[in-house]
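Quick note: the sequence shown uses numbering that gives the first Met the number 0, first residue 0, plus one each step. Don't be surprised by glycine CBs; every beta carbon is placed ideally from N, CA and C. None of these values were measured; they are calculated from a predicted model. Take a look at the structure set out below.
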Amino acid sequence: MNQFPKKIVAIHAHPDDTEIFSAGTMALMKSKGYELAIVTMSPGGLGGIGSTERETIATRKREAAEAAAMLGAKYYCLEGRDGYIYDTEALRIRVTEILRLERAGIVMTHLPWDYHSDHRTTCQIVETAAMVATLPNVPCNVRPLDITPLLYHSAPLGSTDPIRGKLIQPQFFVDIGSVMDMKMNMLGLHQSQIELMRVMHKMEDFFGEMRKQNRQFGALAGCEYAEAFWQHLGGGFQKDPVLQDALSEFIIEPKDVAVETLT
Ligand SMILES: [Zn+2]
């Protein structure tokens, strides 16, 4: 029995990010007895085509809440402004507060080398907030955690670096084939993003492209569908491989992968 509470808090920038990057793994952890919470740093107000920022926020918060409910996860939105998420004292304290309220044992967030600046900023806020979650002098009225939560980073789209588009080799893959339908059903609740992706990224099949990413990771891992992660092992973070141990039958270590863009 490890000392980390069986509670996962996934904190990504926008509604649909957790669904895209880590919902399959969270579903598997739920089957292992873990409780789940999903946090979005922003309600995603820029993610609307033909709707105002205010209307888009209402739609996307509803979509995110419904997707979280489908997974059996709590949902929080921190109300940062989409496209303009800054690393502020207020957001750091709010994240620490939620980690404490949820008694987080495992935290998931973006990778520091993600393609989207909101994702990178979210990663920085979450890393900092998790690091101080045990410290009594953080100006936050919730009881400190007993131990710094384990921190995991989810893979950017394609697991590529933001400038050259070359593969960043994941630390490990999780075979999510058994929960892929659940993940896609959660993602399917984000109907507002279909038109956005068509306009913004010239992506004609948003859900199909997201499925393709998990199939590409699966191809690298040697299974049908996979998600990819890194555990944050630097500095003062705990290094116990709790998630990997809990999901040992689904964990795949990367083989030698050629450093090239996924296609
Ligand atoms: Zn995002």
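Discussion item. Does glutamate 226 come out as helix, strand or coil in the three-state DSSP assignment?
Written reply: For the purposes of this step, residue 226 is taken as residue 227 along the sequence shown, with counting starting at 1. Three-state result, glutamate 226: strand.
Worksheet item: Is the closest heavy atom of ligand 1 to the C-beta of alanine 265 under 7 Å?
Response: Nothing about residue 265 can be reported from this structure: the residues present for the chain run from 0 to 262 only.
Worksheet entry | Whole-angstrom distance between lysine 182 and threonine 260, CA atom to CA atom | Within the sequence shown, the letter at position 261 stands for residue 260. Within the sequence shown, the letter at position 183 stands for residue 182. Since pLDDT at threonine 260 reaches only 49, below the 50 mark, its modelled position is unreliable, and no value is offered.
Worksheet item: Does the beta carbon of histidine 118 fall short of 7 Å from some heavy atom of ligand 1?
Response: Translated into the one-based positions of the sequence shown, residue 118 becomes position 119. It does: the Cβ of histidine 118 is within 7 Å (strictly closer) of some heavy atom of ligand 1.
Worksheet entry | Uninterrupted beta strand (DSSP E) stretches inside the region 155–243 (no shorter than 3 residues) | 171–174 and 225–230
Worksheet entry | Run of the beta strand (DSSP E) containing valine 106, from where it starts to where it stops | Here residue 106 corresponds to residue number 107 of the sequence shown, with the count starting at 1. 105–108 is the extent of the beta strand (DSSP E) around valine 106.
Worksheet item: Taking 7 Å as the cut-off, is the CB of histidine 115 close to at least one heavy atom of ligand 1?
Response: Your numbering for residue 115 matches position 116 in the sequence shown. Within the cutoff, so yes.
Fill in: Residue(s) in a DSSP beta bridge with alanine 128
Within the sequence shown, the letter at position 129 stands for residue 128. BP columns for alanine 128 are empty, so no partner.
Worksheet item: What residues in its chain sit with their C-beta under 7 Å from that of asparagine 1, if we drop five residues either side in the sequence?
Response: Walking along the sequence shown from the start, residue 1 turns up at place 2. For asparagine 1, where only same-chain residues beyond five positions count, the Cβ hits under 7 Å are Asp239 and Val241.
Discussion item. Check for me: the beta strand (DSSP E) holding glutamate 101 runs from which residue to which?
Written reply: As a first step, residue 101 must be located in the sequence shown, where it is residue number 102. Where glutamate 101 is concerned, there is no enclosing beta strand (DSSP E), given that its DSSP letter is neither H nor E.
Worksheet item: What do you get for lysine 31, buried or exposed, if any count of 16 or more other CB atoms within 10 angstroms of its CB means buried?
Response: Within the sequence shown, the letter at position 32 stands for residue 31. Per the 10 Å Cβ criterion, exposed.
Worksheet entry | Beta-carbon gap between leucine 27 and phenylalanine 249 smaller than 8 Å | The count along the sequence shown starts at 1 and reaches residue 27 at position 28. The count along the sequence shown starts at 1 and reaches residue 249 at position 250. Yes, Cβ-Cβ distance for leucine 27 and phenylalanine 249 is below 8 Å.
Worksheet item: Looking at aspartate 86 and ligand 1, is the gap between the Cβ and the nearest heavy atom below 7 Å?
Response: The residue you call residue 86 lines up with position 87 of the sequence shown. Incorrect: aspartate 86 has no Cβ contact closer than 7 Å to ligand 1.
Discussion item. Using a Cβ distance threshold of 8 Å, determine whether the region 140–157 contacts the region 177–197, with at least three qualifying pairs required.
Written reply: no
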